[in-house]
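Notes to accompany the following structure.
Protein chains in written order, with the numbering used here: chain A, 14 to 322; chain B, 14 to 322; chain C, 14 to 322; chain D, 14 to 322; chain E, 14 to 322; chain F, 14 to 322.
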């Protein structure tokens, strides 16, 4: 009873504290346009799933698509998807850059143009995603069919999301591509920044822990395994000691390269066409085409009955 | 307004393009049996959760199970679970191999037999899962009780799913075991192929990024940490340059082995009984029983004020 | 038809087997207090999300918070959150330690005190979480705004959950902190034990596969990358060969340290202030302040056309 | 504690009793086809809502339909709706009449033919439903637009459901039409048996409590108010004293009739064209065209201060 | 903008007003036991549906019940149902009468005893409900099977809920029976007070608008139609002009009576065995057994072209 | 197989037909503002429930409201409720009258002003709703507490919704009030047009089938029973034979009147203060204050063994 009373007193004290500007000002999101909401992760997830159902008809959402009803399902799913994208792209703009454009009309117009442009690229996105599914089937002896790869491989799932997010990134939409990427990252453990440029027929086996940085450029027919990092070696700071944003700082990986599990490649280096980078290799320099890099392993120490590790 | 019109024109153009056979043929799933649906990830997730609630009574779904009502809850959850499994196994067959058996009766009969066989193995699956929970408690100083391990350890969760998926794999059910595995992979970051054979008392601490390949064989009382790969060194190609499916190509890990974080073991090698493989070790050869393998580390370079890494 | 009959027979046999005490006794959770339920992962997730919405007002759950309505939303979300926490903390106690206190009143009283204490720490938790968001923005050239970091960075999400879980851990609540951590682990791939002590301005980029052990102590302004392990080197066993729980066994990382991807630091060693630990470095010894550790790399072997890897 | 024990004993006793054939045989539904489920009220509700969204485009489910995307939305909603109808019609047959046709193929074929026939009648159903909406707007001074009538008038909602159910009734589908009617009855309080024949431009104002029996025939432009009964006067019994099913026994209401609130019309009588039946009138005989029937009211008794009623 | 400001001011004013005791005191529910919640309509609905699935096995929730698994489904559904009932009955007591019993233990004990007693009556409730389903089939020429009556007749649905609620009423549980009744009332339009005593084989056709008052007593084999009132003629007031609660004031309807649509029977009168009460009859006196009461109708006035009604 | 083909052909034919303008033009809702959606019944239901939780604190949605947290819950629920109302009121305007105001700004401004005005009336709405709850308790001998009336009486539920809808009606919001009314009508069977003016302390017992027309005026302390109609006798037509909208045409019921079940009162008549209208009375004339109207009943005909009714 008196506990209950103490709880109430504490509640009031804490609420008052949390409502003071110096407590919340660093973490409070204030929308300029009071009728434009925050981007919605749920809505974006739905828009991406609708697009996935269009790209791979019959696999997701509507298993009943037949060739003669494909137009109906494609049309209605695309229309729903792009209504959501239009709204969410607008919200992304308002979240990030509307501060100088208080009536919001600019954002809205831009959002519609971008949405239409994204729409026009869906056939291309399907081509790329189809190539990734084929690459997964061809690249994994455990894959029993292309369908299995489409249906449940994290590589195909994350790359399809990436290919959507990347088009939005190229169209300079703020925030939204990153939300799409992080959602795929959370699901698959594969962290591809939406800025990364990835050619067709890409396969990332097992996927968990692989990181592909913002300015990476990956060619065609590249195969990558789990735990690979395509990262930056260091990044330039501005005068205030803050990182300068947007500088090319991640690797270029040319066509037909294979990168085995746990390899780390840092900086704006080029891995030449057809090269193979062995597992756990640490690379901060460019590699000529056709080279196979295998880390010279130190001897292992073996004990019959070591006292610890 | 005219934007809206442009959008509509574009929509029609894109829908038409996506509905052309040369656009969709590589990615369209066409069910032969028009009354058999695609496997449902949601239904399979429910069936696995029902089974998990049977295996660990009182932890999941029905916290109110008492010893005197155990039979009721066990019976109804098992019955529901196996109705779902029967249906989903049938869908798995139709997805993968019904193309030569157009009336589907063969698939249906087989699905029922397999489902019954899986049912008969549930007591065995519980034994194995119970041993994994005990191994987690015994193997992690941070674990406070076996119950905690059952309730929230990713190792126990993923291994229980694996033990179910593995029985289906052994019964040669297509696709379904992989869906179960990938679902556990997505949740826990632990990627165990349903083909892997794993003995009792297995514990995989932290789990994220560990990959256990299709033909791996793991003995009893094995402890593995995060980021470990039991992979294939290379895989034989057929005449067309495609990987040959199903060849034994992953490690054999004998009883009582410990494999520390980040270790990579590749190929059909044998890690002998009681061996310990140190963190980040890279192994492509067999190791005798009782050996402790510790990678001979290169010296580290230390700078007072290095100019960058 | 006879299949159906066989199925039924098998079902009965299996249900009976699973209901025998020797089958279930190792895996059955028996609540002492028949009116206290198992902790609910869903309820805890909701409580944490409510708290997250209070900590970062406007980002989660209620995007419409304005400064003049902040008190209302803060008050109602906090009240709901703490009603859930009170109940779940009680359940955590009953799950773990009520066996010696059969009327449960002790648990209930303690749960309320702890809940009130947690409440009083929310302003502090917000300060810490705000510093982590700022650290993410400052530490990642790909971050476009602090808001983006709050909204979708796994580092900020997992650290906020950790900071809540850690307070509960310090208040000696059983099980509940671990459920919160594992939930964040599942979502982000970042495994921070609730026991770990982490100073302000922490940033863990990409996050997947990083593991921070129970007794780790991390200072302020520390930056960590993916795949890093702060682990124990070994752990002492008691006379029965079981690990002794609770011994300090993980690293101390002082202020301003940077640890690059894939580094492994094991044991109760100290990484001195301002040190930088290079990628994939393996460390089992202490490092002086200001030191930059870079693993001396072995030469890579390069072949023009090697026949394998 | 002993209460708990008593509860358990009682539970076992009751479960055993309820599982004895003489307890359950009168109320147990036994499916002959073990792979055909019970009809699903939820699925049928969805199929009807999908059809409603097709009939009144832009009002329900997909507010975003434009004339240029109408084909897509219409096609995909119709296809989804008719897949559900096919399945549910099959279940309806199996529920009611499959007992003499154990392989179920007969049911399945019939279900598909009927489903296709229903499909072909959708344009007609829309015409009828559109006329009902217009009649509601014209018949109610409180209606502000046809759109309002479509969006929220119970008359339009229940009649649209009826027009669907009635086509299924005419196609001799068992059970399913009745489920659709009862669902509309529950929502609107308007109980129209699916067997009733209703002409176009029908309006039933307020609707609650109005009952229209199985063999009723209603002409065009009929207006009916709440609490009206079109019932049977009596029904013939067979030799065993059970009612003979299917005999015409409800009124015929010709074109342009108005029936005011609370009127009761019983038996196979005919209300001639243009007649008006006053409120609370009790009628068991036919009425000539153009007649206005007003019950001759008894005098009311009025007291200044009556001692009760 | 200034609108927004006005809105905020108004919001604050209104919140303050609504939070003043003189505004809320008449409408605020204050729980004495701060850990006992309000009864939950959703939970009670679930408990009733679980019981309905037990009473009519195979119709609701679990269509897959077979005779050999009936025990499992019956046991688990009953157990879940009675856990909910125990909790909700306790909440009902606390809502209504705990004010004199502040520790709540009395309520809790009573709730368990009552819950066990209700459990013991489930076989009896099934018998009654089965008889109602048979009565519906026999009493309605439009009913095609007993199954149809069970599956979708409002009479069977509301009477089953009533038979559950009535047992709780007899056990003097406050509030809970009324919530169950009102839920059935909302669904079916049939308002049976939980206090009403109803014999077996009851059928209430169409059901909408029929009201059966608290102290009504209905015999066996009674058939009632829509819009019937079994009400009180007047009720005695206490000295303060408030109605005295609980006095017998509704009709007694003996076995084999039929009451046609719209009849109104008021007061503690007796309708003798086998009597038939015609439609719209208004009765405030007793009727001898076997009597058929038909209101002597006034002549109807018929006009060829009346000028209005 | 050929069936499937026939189905597809039919589908295409039907889709094409339904997409022709002459098929859809009468039933298609075309939004002028392509970014303003249809009103959402779900959202309005939520807004009304939020308001109900504010009006009756502790009964709905948030049972945990205490006096000291009332301000938080009241403030956040009100704010959420009014954000929804603002949006939905705007949609209501756009649905109905935006055709002459294509930029929509007019609608938006008006919606905000109205929303603020509604907000300011919430304390008044609570007063009225509180009086209705008290009237239910005082008017029904079966009511055990005011709380029971608030929690589950259809009268209180429908009247609270009505009091909200009526304020919107007075503020000339189109469509939205009617949606709220119809939602309450569907739940309770009580059809109160939002235009009806109802004084405080109103109780409508049992409620099913009672209809209160648009221009009705009801005084204070009025008690009404089920099946009562306050309707219009006839309504004037314009030159085209369409009803003229908005003319006063329903009864005026003065203070302290009681109207018993099934009574029908039609036209702009006045029921004087304190009058009592007996059950099933049919009234089309005014009644002086204090009068008790009891229909002079015809004799009933009684037969010992009538041959039918």
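The beta carbon of each residue, even a glycine, is placed where N, CA and C say it ideally should be. These figures come from a predicted structure and were not determined experimentally.
>> Quick check on DSSP: helix, strand or coil for residue 256 of chain C?
In response: Here residue 256 of chain C refers to the residue found at position 243 when the third chain is read from its first residue. Three-state result, residue 256 of chain C: strand.
> Which bits of chain A does residue 85 of chain D rub up against, with CB to CB less than 9 Å?
Replying inline: Within the fourth chain, the letter at position 72 stands for residue 85 of chain D. Chain A residues near residue 85 of chain D: 84, 85, 86, 87, 88, 89, 90, 91, 92.
>> Strictly under 8 Å for the Cβ-Cβ distance: is residue 96 of chain B near chain E by that measure?
In response: One-based indexing of the second chain puts residue 96 of chain B at position 83. Answer yes: the Cβ-Cβ gap between residue 96 of chain B and chain E drops below 8 Å somewhere.
>> With a threshold of 8 Å between beta carbons, is residue 198 of chain A in contact with chain B?
In response: Indexing the first chain from 1 puts residue 198 of chain A at position 185. Output row for residue 198 of chain A: interface = no.
> List, in order along the chain, the chain F residues whose C-beta lies closer than 8 Å to that of residue 257 of chain E?
Replying inline: Here the question's residue 257 of chain E lines up with position 244 in the fifth chain. 154, listed in chain order.
> How many Å lie between residue 4 of chain A and residue 63 of chain A at the Cα?
Replying inline: With chain A running from 14 to 322 in the structure shown, residue 4 of chain A is simply not present.
> How would you write the range of the alpha helix (DSSP H) that residue 213 of chain A sits in, first residue to last?
Replying inline: As a working mapping, residue 213 of chain A is identified with position 200 in the first chain. Segment: none, residue 213 of chain A is in no alpha helix (DSSP H) and carries neither H nor E.
>> Taking its Cβ as the centre, do 16 or more other Cβ atoms sit within 10 Å of residue 256 of chain D, making it buried, or is it exposed?
In response: By one-based count along the fourth chain, residue 256 of chain D stands at place 243. Looking at its Cβ environment, which holds 16 or more other Cβ atoms inside 10 Å, residue 256 of chain D is buried.
> Could you give the distance in angstroms between the alpha-carbon of residue 303 of chain F and the alpha-carbon of residue 272 of chain F?
Replying inline: Against the sixth chain, residue 303 of chain F aligns to sequence position 290. Against the sixth chain, residue 272 of chain F aligns to sequence position 259. Whole-angstrom Cα-Cα distance: 13 Å.
>> If I follow the unbroken alpha helix (DSSP H) through residue 401 of chain E, where does it start and stop?
In response: Residue 401 of chain E lies beyond the residue range present for chain E, which begins at 14 and ends at 322; the question has no answer from this structure.
> In chain E, which residues lie with their C-beta within 9 Å of the C-beta of residue 42 of chain D?
Replying inline: Looking up residue 42 of chain D in the fourth chain gives position 29. 69, 70, 71, 72, 76, 78, 160, 163, 164, listed in chain order.
> Once you ignore the five residues that flank residue 180 of chain F on each side, which residues in its own chain have a CB closer than 6 Å to its CB?
Replying inline: By one-based count along the sixth chain, residue 180 of chain F stands at place 167. Cβ within range, chain order: 131, 134.
> Over what stretch of residues does the alpha helix (DSSP H) that includes residue 192 of chain E continue unbroken?
Replying inline: As a working mapping, residue 192 of chain E is identified with position 179 in the fifth chain. Judged by DSSP secondary structure, residue 192 of chain E falls within the alpha helix (DSSP H) whose first and last residues are 189 to 201.
> Looking at the unbroken beta strand (DSSP E) that takes in residue 278 of chain C, where does it start and where does it end?
Replying inline: Position 265 of the third chain, counted from the first residue, corresponds to residue 278 of chain C. Taken as a continuous stretch (DSSP letters only), the beta strand (DSSP E) holding residue 278 of chain C covers 277 to 279.
>> Against chain D, which members of the stretch 172 to 200 of chain F pass a CB distance test of less than 9 Å?
In response: If the cut-off is 9 Å between Cβ atoms, the stretch 172 to 200 of chain F has 187, 188, 191, 192, 194, 195, 196, 198, 199 near chain D.
> Quick one: Cα of residue 300 of chain A to Cα of residue 307 of chain A, how far?
Replying inline: Position 287 of the first chain, counting from 1, holds the residue named residue 300 of chain A. Position 294 of the first chain, counting from 1, holds the residue named residue 307 of chain A. Cα to Cα, residue 300 of chain A sits roughly 12 Å from residue 307 of chain A.
>> Tell me the DSSP secondary structure of residue 250 of chain E in three-state form.
In response: Within the fifth chain, residue 250 of chain E is the residue found at index 237, counting from 1. In this structure, residue 250 of chain E counts as strand in the three-state DSSP scheme.
>> Can you check which of these residues, D:151, D:241, D:227, is closest to residue 263 of chain D by C-alpha distance?
In response: For this step, residue 263 of chain D is matched to residue 250 along the fourth chain. Among D:151, D:241, D:227, the Cα nearest to that of residue 263 of chain D is on D:227.
> Considering only C-alpha positions, which residue in the set B:106, B:284, B:238, B:200 is nearest to residue 184 of chain B?
Replying inline: In the second chain, the residue the question calls residue 184 of chain B occupies position 171. Residue B:106 is the option with its Cα nearest to residue 184 of chain B.
>> Can you pull the chain B neighbours of residue 204 of chain C, defined as C-beta to C-beta under 9 Å?
In response: By 1-based counting over the third chain, the position of residue 204 of chain C is 191. Correct list: 167, 202, 219, 220, 221, 239.
> How is residue 244 of chain D classed by DSSP in three states: helix, strand or coil?
Replying inline: Walking along the fourth chain from the start, residue 244 of chain D turns up at place 231. Three-state DSSP puts residue 244 of chain D in a strand.
> Would you call the stretch 66 to 80 of chain F and the stretch 89 to 109 of chain D touching, i.e. three or more CB-CB distances under 8 Å?
Replying inline: Segments in contact, no.
>> Between which two residues does the alpha helix (DSSP H) holding residue 158 of chain F run?
In response: Here residue 158 of chain F corresponds to residue number 145 of the sixth chain, with the count starting at 1. Where residue 158 of chain F is concerned, there is no enclosing alpha helix (DSSP H), given that its DSSP letter is neither H nor E.
> From the DSSP output, which residues share a beta bridge with residue 223 of chain B?
Replying inline: Within the second chain, numbered from 1, the residue matching residue 223 of chain B stands at position 210. Residue pairing for residue 223 of chain B: DSSP places it in no beta bridge.
> So with Cβ pairs under 8 Å, would you call residue 81 of chain F a contact of chain A?
Replying inline: As a working mapping, residue 81 of chain F is identified with position 68 in the sixth chain. Chain A contact via Cβ: present.
>> Please list, in chain order, the chain E residues whose beta carbon lies closer than 9 Å to that of residue 21 of chain C.
In response: For the purposes of this step, residue 21 of chain C is identified with residue 8 of the third chain, where counting begins at 1. What residue 21 of chain C touches in chain E: 79, 81, 82.
> Since residue 210 of chain C and residue 237 of chain C are thought to touch, with beta carbons under 8 Å apart, how far apart are those beta carbons, to the nearest angstrom?
Replying inline: What you label residue 210 of chain C is simply residue 197 of the third chain in a count that begins at 1. What you label residue 237 of chain C is simply residue 224 of the third chain in a count that begins at 1. Actually they are not in contact, since the Cβ atoms of residue 210 of chain C and residue 237 of chain C sit about 14 Å apart, beyond 8 Å.
> So what does DSSP say about residue 262 of chain F, is it helix, strand or coil?
Replying inline: Locating residue 262 of chain F in the sixth chain gives position 249, counting from the first residue. Here residue 262 of chain F sits in coil by DSSP.
> Which partner residues of residue 283 of chain D appear in the DSSP bridge assignment?
Replying inline: Within the fourth chain, residue 283 of chain D is the residue found at index 270, counting from 1. DSSP output for residue 283 of chain D lists D:265 as bridge partner(s).
> Given residue 194 of chain E, which residues of its chain have a CB within under 8 Å of its CB, disregarding the five upstream and five downstream residues?
Replying inline: Walking along the fifth chain from the start, residue 194 of chain E turns up at place 181. 174, 175, 178, 204, 205, 206, 207.
> Which residues, in order along the stretch 123 to 138 of chain C, keep a beta-carbon less than 8 Å from a beta-carbon of chain A?
Replying inline: 125, 126, 128, 129, 132, 133, 135, 136
> In terms of residue numbering, what span does the alpha helix (DSSP H) encompassing residue 83 of chain E cover?
Replying inline: Residue numbering aside, residue 83 of chain E sits at position 70 when the fifth chain is read from its first letter. Segment 83 to 109, the alpha helix (DSSP H) holding residue 83 of chain E.
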